[in-house]
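Chemist: Below: one structure in structure tokens.
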Amino acid sequence: MCGIIGYTGPLEASKILLEGLSGLEYRGYDSAGIALCMEDSQIRVVKKAGKVKNLEEYCRQQISGTAHSGIGHTRWATHGGVTDTNAHPHRAGKVVLIHNGIIENYHALTEKFHLEDKLLSQTDSEVAAQVLNCLYEGDPLAAIHKLIDLLDGSYSFCIMFEDQPGAVYAIRNVSPLVAASTPSGSLIASDLTALIPYSRQYFVVPEQHIVKLTPYKIHVYHLDDTYTKAYPEIMTVNWNMDAAMKNGFPHFMLKEIHEQPDALRNTILPRVNKGIPDFGEDGIPDSIFKECSQIQIIACGTAMYAGMVARAIMQPLLRIPVTVSIASEFRYEEPLIDEKSLVIIISQSGETIDTLAALRLAHRCGSTVLAVVNVKGSTIARESNYVLYTHAGPEIAVASTKAYSVQLAALYMICCRMALVRGKYTREQACSFLADLLDVIPAMETMIAQKEMIRDVASHIISSPDAFFIGRGLDYAFSLEGALKLKEISYIHSEAYAAGELKHGTIALISDQVPVIAIATQEHVYSKTISNIREVKARGAFVILLVKENAVVDDNLADIRIRIPDVDDHFTVFPIAAALQLIAYYASLGKHLDVDQPRNLAKSVTVE
Ligand code: F6R
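Numbering (this note's numbering), first residue to last: 28 to 635.
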């Protein structure tokens with residue numbers, strides 16, 4: 028959600044912080060601020076509601092002199108509206124801090140420390156700053172330790188103390204932080220994108236450890252009585268900065284849509300051995316596939332919709348129950364999973380807090396957890412029994428595109444391997460399944476190459492307040508993701524319906540010119556879906572129909588037809604996804620909206 032960066036070293040801190048914040052802006056972006064330790068050791072705080080661009084302009088007016096250490100923050104509001112005062116950093120006496128997460132007991136702490144009259148903002152974060160100031164008697168480690176003992180909730184903090192010039196402290200619980208010691212100084216951030224310009228080597232800040240950044244060294248301390256030193260594993264980033272730039276595309280989303288064929292190759296090919304999926308290099312044993320009696324898939328948003336597609340593929344093939352749950356619901360249920368269950372957690376960021384909580388619940392139930400994750404070393408990856416990394420590279424646009432396709436590819440491969448080890452597939456059948464999966468790569472390329480045609484399709488829906496997506500079976504699972512994509516970046520209210528369900532109420536909303544995006548790629552339900560399309564057409568809907576290249580379609584069935592390249596029915600999700608992503612992209616563009624940073628959203632959802 029919020030983006031965090033801290034720096035201390037020989038370079039000009041304001042430049043590093045502001046550049047870092049621009050790179051982090053996609054995480055959360057309603058306000059931004061920095062705090063700098065100036066030459067006279069005073070800490071200067073500059074913050075502003077709005078985009079990082081506003082802050083840059085404001086800093087030019089407000090800051091004179093140089094600084095070699097500081098902290099910076101982009102905010103995604105939770106407690107308190109979007110105002111300059113609620114923006115971070117927050118100052119309390121000698122303490123200046125930035126925070127990502129939620130302090131659940133901020134109200135109790137306000138009362139306990141009699142802060143009512145001292146607080147300037149409506150944020151839980153300022154309460155943490157005030158409490159830390161009350162606890163601070165010149166020893167940062169001791170004060171931070173006492174603060175942590177008092178806090179309930181999730182957090183990552185970067186902290187400066189006015190009498191500790193040049194030092195930046197940090198601590199986290201759940202919310203992510205990574206750090207790097209580089210020849211250009213020491214850096215810490217909520218996200219690797221802020222560190223990559225300076226270093227490819229980094230470490231994940233361990234939970235409940237205090238980090239102290241000095242210009243040339245980073246110290247990590249256990250939260251014990253003597254603050255013994257810890258030495259987290261140094262990791263290497265597996266992508267370069269180019270991957271996090273637009274590279275000539277007007278938006279990250281369009282670039283990421285185009286990157287899908289390569290992302291699929293990178294995810295699939297290293298796991299192909301003699302024509303079948305092989306997870307030996309990933310350290311995933313066949314026993315977890317062979318011995319489970321059910322599969323429980325858990326995720327949020329787009330990742331959950333990838334899980335719904337996987338369920339529709341897996342259950343009929345494997346003949347075991349496959350359940351998909353929304354993480355934020357699953358974690359409060361009493362789930363029917365046990366040591367015989369394989370839990371598959373799907374997450375691009377590997378940090379989504381509800382998904383993480385569901386994972387921890389699965390562990391408590393004794394289940395084996397296999398995570399499908401994009402971000403290396405993320406919390407979900409580290410806490411799972413096994414990880415199948417997707418290799419999408421960094422996904423910067425808020426709307427997930429390439430992460431969805433590679434999640435699907437990983438899940439299809441898992442399905443194929445499971446079918447093989449459970450005796451549902453012969454080697455030949457597994458080879459043929461994998462060959463079909465590889466065929467989706469050129470199919471996606473062909474679909475993406477038709478973007479100008481899809482731009483024209485999108486122009487027909489941009490003035491509509493509502494849109495409906497319909498499909499049956501797998502096509503319904505694709506519709507769910509299509510509707511999410513459209514609503515999140517075009518703000519057109521979009522709903523997905525199982526095509527046969529529409530007439531049980533929702534068809535009341537279909538009237539003249541309401542766009543209905545109908546997906547009919549599944550042969551075994553094709554004629555049924557076509558009948559449902561006729562029902563909406565008869566009520567005046569403007570029908571955009573997505574069908575396979577060779578499907579026979581009556582001329583008067585749809586207003587617009589999008590033909591997808593011919594792939595096996597089980598695999599049509601890939602070209603369909605590209606088409607639906609492009610419809611959403613061009614609808615957003617046509618409405619002159621902020622495609623990459625839609626309102627109210629953040630890339631990594633680290634609050635519950
Ligand atoms: C939508 C989108 C979100 C995420 C969801 C889960 O385009 O990106 O719905 O899919 O927030 O995020 P991860 O995969 O990081 O757990």
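Glycine residues also receive a C-beta, built at the ideal position from the N, C-alpha and C atoms.
Assuming residue 603 and residue 573 form a contact by the criterion Cβ under 8 Å, report the distance between their Cβ atoms to the nearest whole angstrom.
Modeler: Right, their Cβ atoms sit about 6 Å apart.
Chemist: Roughly how far, in whole angstroms, is the beta-carbon of residue 94 from the beta-carbon of residue 135, given that I think they are within contact range, below 8 Å?
Modeler: Incorrect: roughly 36 Å between the Cβ atoms, too far for contact.
Chemist: Report the rounded CA-to-CA distance for residue 211 versus residue 37, giving the unit in angstroms.
Modeler: Straight-line Cα distance between these residues: approximately 7 Å.
Chemist: Report yes if the C-beta distance between residue 291 and residue 436 is below 8 Å; otherwise report no.
Modeler: Yes, these two residues count as a Cβ contact at 8 Å.
Chemist: Going along the chain, which residues of its own chain have a beta-carbon closer than 6 Å to the beta-carbon of residue 125, five neighbours each way excluded?
Modeler: Here the set comprises 31, 98, 100, 115, 116 and 185.
Chemist: Can you give the Cα-Cα distance for residue 462 and residue 597, rounded to whole angstroms?
Modeler: Going by the C-alpha atoms only, they are around 12 Å apart.
Chemist: Please determine if the stretch 305-318 and the stretch 352-361 are in contact, where contact requires at least 3 C-beta pairs separated by less than 8 Å.
Modeler: Counting Cβ pairs under 8 Å, fewer than three are found: no touch.
Chemist: Tell me whether residue 382 is buried or exposed, calling it buried when 16 or more other Cβ atoms sit within 10 Å of its Cβ.
Modeler: Residue 382 is buried by the Cβ-count criterion.
Chemist: To which residues of the same chain is residue 246 closer than 6 Å at the C-beta, ignoring the five residues directly before and after it?
Modeler: Closer than 6 Å at Cβ, skipping near neighbours: 239.
Chemist: Comparing the CB of residue 554 with every heavy atom of the ligand F6R, is any distance shorter than 7 Å?
Modeler: Checking the Cβ of residue 554 against the ligand F6R gives no.
Chemist: Helix, strand or coil: how does DSSP classify residue 554 here?
Modeler: If DSSP states are grouped into helix, strand and coil, residue 554 belongs with the helices.
Chemist: Hey, quick one: how far does the alpha helix (DSSP H) through residue 88 stretch, first residue to last?
Modeler: Note, residue 88: alpha helix (DSSP H), 79-89.
Chemist: Going by DSSP, what residues sit across from residue 185 in a beta bridge?
Modeler: Looking at the DSSP assignment, residue 185 forms a beta bridge with 125 and 197.
Chemist: Which same chain residues, not among the five before or five after residue 174, have their C-beta less than 8 Å away from its C-beta?
Modeler: Correct list, in chain order: 155, 158, 159 and 162.
Chemist: Keeping to the same chain, check which residues put their C-beta closer than 8 Å to that of residue 9; ignore five residues upstream and five downstream.
Modeler: There is simply no residue 9 to check, as the chain begins at 28 and stops at 635 in what is shown.
Chemist: Among residues of its own chain, excluding the 5 on either side of residue 43, which ones have a beta-carbon nearer than 7 Å to its beta-carbon?
Modeler: Only 34 meet the Cβ criterion.
Chemist: Pick out the complete beta strand (DSSP E) segments inside the stretch 500-545, 3 residues or longer, and give them in chain order.
Modeler: Complete beta strand (DSSP E) runs here, min 3: 520-525.
Chemist: Please return the same chain residues whose Cβ sits closer than 6 Å to the Cβ of residue 88, not counting the five positions on each side in sequence.
Modeler: Excluding positions up to five away in sequence, the list is empty.
Chemist: When you measure from the CB of residue 330 to every non-hydrogen atom of the ligand F6R, does any distance come out below 7 Å?
Modeler: Flag set: Cβ of residue 330 near the ligand F6R.
Chemist: Contact between the stretch 470-485 and the stretch 360-372 is defined here as three or more beta-carbon pairs at a separation below 8 Å; is this criterion met?
Modeler: No contact exists between the stretch 470-485 and the stretch 360-372.
Chemist: Of the choices 549, 532, 503 and 279, whose alpha-carbon is the least far from that of residue 609?
Modeler: Comparing Cα positions, the closest option is 279.
Chemist: Is DSSP giving residue 400 helix, strand or coil here?
Modeler: Note: residue 400 maps to strand in three-state DSSP.
Chemist: Answer yes or no: the CB of residue 29 versus the heavy atoms of the ligand F6R, is any distance below 7 Å?
Modeler: Checking the Cβ of residue 29 against the ligand F6R gives no.
Chemist: Under 8 Å, with one C-beta from each stretch per pair, do the stretch 510-528 and the stretch 423-430 reach the 3-pair mark?
Modeler: In short, these stretches touch, since the Cβ pair count reaches three.
Chemist: Just how far apart, CA to CA, sit residue 342 and residue 348?
Modeler: Straight-line Cα distance between these residues: approximately 6 Å.
Chemist: Whose CA, out of 392, 583 and 485, lies closest to the CA of residue 362?
Modeler: Looking at the Cα atoms, 392 is the closest of the given residues.
Chemist: Cutting at 6 Å between CB atoms, please list the residues of its own chain near residue 521, excluding the five before and the five after it.
Modeler: Closer than 6 Å at the Cβ level, and outside the excluded window around residue 521, lie 494, 510, 513 and 514.
Chemist: Taking 8 Å as the threshold, find out whether the stretch 484-500 comes into contact with the stretch 524-532 through three or more Cβ pairs.
Modeler: The stretch 484-500 is in contact with the stretch 524-532.
Chemist: Would a C-beta distance cut-off of 8 Å place residue 434 and residue 467 closer than the cut-off?
Modeler: In this structure, residue 467 does not lie closer than 8 Å to residue 434 by Cβ.
Chemist: Per DSSP, what kind of secondary structure is residue 28 in: helix, strand or coil?
Modeler: Looking at residue 28 - three-state DSSP - the assignment turns out to be coil, as it is neither helix nor strand.
Chemist: Does the distance from the C-beta atom of residue 183 to that of residue 132 stay below 8 Å?
Modeler: Not closer than 8 Å, so no.
Chemist: Based on Cα-Cα distance, which residue from 389, 345 and 337 lies nearest to residue 359?
Modeler: Of the candidates 389, 345 and 337, the one whose C-alpha sits nearest the C-alpha of residue 359 is 389.
Chemist: Counting only the same chain and skipping the five closest in sequence on each side, list residues whose C-beta sits under 6 Å from that of residue 489.
Modeler: Correct list, in chain order: 614, 617 and 618.
Chemist: I'd like the list of long-range same chain contacts for residue 104, defined as Cβ closer than 6 Å, with 5 residues on each side in sequence excluded.
Modeler: For residue 104, where only same-chain residues beyond five positions count, the Cβ hits under 6 Å are 57.
Chemist: Should residue 540 go down as buried or exposed, given a rule of 16 or more other Cβ atoms within 10 Å for buried?
Modeler: Result: exposed.
Chemist: Quick one, are the C-beta atoms of residue 587 and residue 484 less than 8 Å apart?
Modeler: Cβ atoms of residue 587 and residue 484: closer than 8 Å.
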